[in-house]
Amino acid sequence: MTMRRQTMDTSPRTGPEDRQDVLDPLATPRPLRHPGHWITGAVAVALGALAVWQVAGNDQLQWGVFWQYLFSEPILAGLVVTLKLTLLAQAIAIAVGAGLALLGESRNPVLRLIVRGYVGFFRGLPLLVLLLICFNAALFVPQIGVGAWNWKVNDLISGFTAAIIGLALHESAFMVEIIRSGFISVSAGQMEAAKSIGMKRGMAMRSIVIPQAIRVIIPPTGNQFISLLKASALVAVIGGGDLLTRAQQIYGANFAVIPLLMVASFWYLVLVSLASLGQHFLERHFALAGARKRTRPEQAKPVEGDGR
Amino acid sequence: MNQPIIRMRQVRKSYGDVAVLKGIDLDVASGEVLCLIGPSGSGKSTLLRCLNHLETIDGGYIDVAGTYVGCVVKDGALHEATESQIAMFRRRVGMVFQHFNLFEHLSALDNVTIGLRKVLGVPKAQARERGLATLEKVGMARWAGSFPRHLSGGQQQRVAIARSLAMEPEVMLFDEPTSALDPELVGEVLAVMRDVARGGMTMVVVTHEMTFARDVGDRVAFMDAGVIAELGPSTQVIENPTSLRAQSFLRHIQSRIS
Ligand SMILES: Nc1ncnc2c1ncn2[C@@H]1O[C@H](COP(=O)(O)OP(=O)(O)OP(=O)(O)O)[C@@H](O)[C@H]1O
Ligand SMILES: [Mg+2]
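Read top to bottom, the protein sequences are chains S and Y.
When we follow the working numbering, the leftmost residue of the first sequence carries the number 1, and every step to the right adds one.
When we follow the working numbering, the leftmost residue of the second sequence carries the number 1001, and every step to the right adds one.
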């Protein structure tokens, strides 16, 4: 059945008069072929293979060193630190972000202004600068506390704590906005309806507003978490003890720079992949109710004189 | 006339400088259907929302089913009620909104049972049974598992009515329950409301459906600029209004319909 192709090919005089008969117009049209895709695809694969071969075959890579350090104790310890840093900072950021989002909705204009200032400040500051400030906090606040409860800031602020504080401050500024828009997305009518059936504010929040807001909050939070995971590598500059810090320490001693950066890259990719997977499942779990077991459309149509 | 179940006396409400309710006196008898009509901005919604304390009044008092709305009586004086006391009161007053306000994350059945379970503490199986029975009453049992966004406006409003009804309230408030519906869906909602009225429910209904007000309403109150300008038996107010303002409003509505 080459009819269709022929109708297309009689180019100069294509008009209704020239139309050829189609044996079976109900049959599914033959799919259009895309020979060009095969050519560009083949070229791309060839280029890719070349690149991989170049890199993999490069002596600089020292695959032996790569394997030697991939599961080594300091690298794994750094991996754990990176994970801890990110999770802790994210948890703090969510808590602080939620609290500030709430304050930002306050009727008190001073509170609203403070929240706006906080968000503007920590979102505007480059993370690297913020981390350096946190690490050197002792320079401008030598000690905190009163009376007997008094600590030297220098004793408190290790690379790790500075890293957590810096990451959390940075991240919380984004979380304020994300959480706020989540709550704004739930219409005021939901709260009113909940109250009208006798729910108190707290219960209405827990069982009506939050479950709806969370669907809106989760996807951008997942993206933020992944960014934070990667951004946490910046703490290497203050000796945060994370994955990159450890890799740097090792290549500082043995000069196997590239293999150790490859080791770090490998683990970052693993972490990010796992986080993406987690995000996917979280999103599915909190997906719009009914998105999974979809009601068939014909079921939802009004029925004439139904039930009345 | 039965005992009044709602008594409003000298009720005042302002938003800033704008007086929206200017001293409302109104009684609604137990089992009565009172329809509130009037031009846009006359304060109908505000009056309704004061009845279940979604809005706080600035003066006067409202007594609904033996409770001073927003207050408790202690030592012979009125004191501001706590949040719990207000929530307890609201269980006994149902409300149906113009835009349905169904809980978007819950199925039709869960919309109806969540109040039973979380507010009244009815066990799950029993709540389910009561929920299905209530959905049946509004002709929505078949859609028990459907989510609001898969339902037509008329169906959503029927579920919303069931949600209120399931709490077995003493009074039900309706704020323009059919105004957001396509014309062909209005009938199914009004039919459900007619059934609820026949069941003896006390209802206060803000509506622009004059036929419903005349046929189902026992009395009609015409509101204008924050006062009740005319109040009487529904046929009388709708067919032979005495006040000039009610006459012109009804002429306007009638001309819009025909
Ligand atoms: N939250 C509010 N803040 C300020 N003004 C308000 C608020 N709610 C209502 N108003 C004003 O109060 C007046 C009465 O409003 P209301 O909603 O009670 O009127 P309505 O009779 O229900 O009108 P409609 O038929 O348009 O629903 C209007 O002028 C409105 O602008
Ligand atoms: Mg209104």
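Backbone N, C-alpha and C define an ideal beta-carbon position, used for all residues, glycine too.
Residue pairing by DSSP places residue 1014 of chain Y opposite Y/1019 in a beta bridge. Here DSSP, grouped into helix, strand and coil, assigns residue 1064 of chain Y to strand. For chain S, the residues of the stretch 1039–1059 of chain Y that bring a beta carbon within less than 8 angstroms of one of its beta carbons are 1052 and 1054, in chain order. Per the Cβ contact rule, the stretch 244–258 of chain S is in contact with the stretch 66–83 of chain S (3 or more Cβ pairs under 8 angstroms). Ligand 2 approaches residue 1044 of chain Y closely enough that one of its heavy atoms is under 7 angstroms from the residue's Cβ. Given a length threshold of 4 residues, each whole run of the alpha helix (DSSP H) inside the stretch 61–114 of chain S is given here in chain order: 63–70 and 73–104.
In this structure, the beta-carbon distance from residue 104 of chain S to residue 115 of chain S falls below 8 angstroms. Within the same chain, Cβ atoms closer than 7 angstroms to the Cβ of residue 279 of chain S are found at 222, the five residues on either side in sequence being excluded. Taking 8 angstroms as the threshold, the shortest C-beta distance from residue 287 of chain S to chain Y does not fall below it.
Relative to the non-hydrogen atoms of ligand 1, the Cβ of residue 187 of chain S never comes closer than 7 angstroms to any of them.
Relative to residue 1108 of chain Y, the option among Y/1039, Y/1027 and Y/1162 whose CA is nearest is Y/1162. The beta carbon of residue 276 of chain S is closer than 7 angstroms to those of 226 in its chain, skipping five residues each way along the sequence. In the structure shown, residue 1079 of chain Y falls within a strand segment according to DSSP collapsed to helix, strand and coil. Between residue 1060 of chain Y and residue 1012 of chain Y, the C-beta spacing is below 8 angstroms. At least one CB of chain S lies nearer than 8 angstroms to the CB of residue 1104 of chain Y. Contact between the stretch 195–207 of chain S and the stretch 1075–1094 of chain Y is present: 3 or more CB-CB pairs across the two stretches fall below 8 angstroms.
Relative to ligand 1, even the nearest heavy atom lies 7 angstroms or more away from the CB of residue 1072 of chain Y.
The criterion of a C-beta distance shorter than 8 angstroms is satisfied by residue 1103 of chain Y and residue 208 of chain S. In this structure, ligand 1 has no non-hydrogen atom nearer than 7 angstroms to the beta-carbon of residue 1011 of chain Y. Residue environment for residue 79 of chain S: buried (at least 16 other C-beta atoms within 10 angstroms of its C-beta). Residue-level contact check: residue 1252 of chain Y does not touch chain S, since none of the beta carbons of chain S fall below 8 angstroms from its beta carbon. Listed as beta-bridge partners of residue 1006 of chain Y by DSSP are Y/1028 and Y/1064. Per DSSP, residue 1178 of chain Y lies in no alpha helix (DSSP H) and is assigned neither H nor E. Cβ atoms of residue 1127 of chain Y and residue 1117 of chain Y come within 8 angstroms of each other, at about 5 angstroms. Close to residue 190 of chain S, with beta-carbon spacing below 8 angstroms, are these residues of chain Y in chain order: 1101, 1103 and 1104.
According to DSSP, residue 1173 of chain Y shares a beta bridge with Y/1095 and Y/1204.
For residue 268 of chain S, the Cβ stays outside the 7 angstroms cut-off from all heavy atoms of ligand 1. Interface with chain Y (8 angstroms Cβ-Cβ cutoff): residue 198 of chain S is included. Residue 1175 of chain Y has its Cβ nearer than 7 angstroms to a heavy atom of ligand 2. Ranked by Cα distance from residue 178 of chain S, the first of S/214, S/163, S/187 and S/145 is S/214. Counting other Cβ atoms within 10 Å of its Cβ, residue 251 of chain S reaches 16 or more and is therefore classed as buried. Where residue 1155 of chain Y is concerned, the enclosing alpha helix (DSSP H) starts and stops at 1153–1166. At least one beta carbon of chain Y lies nearer than 8 angstroms to the beta carbon of residue 208 of chain S.
With contacts defined by Cβ atoms closer than 8 angstroms, residue 233 of chain S and residue 244 of chain S form a contacting pair.
The beta strand (DSSP E) runs lying completely inside the stretch 146–217 of chain S and spanning 3 residues or more are 149–152, given in chain order.
Buried is the label assigned to residue 1139 of chain Y, since at least 16 other Cβ atoms lie within 10 Å of its Cβ.
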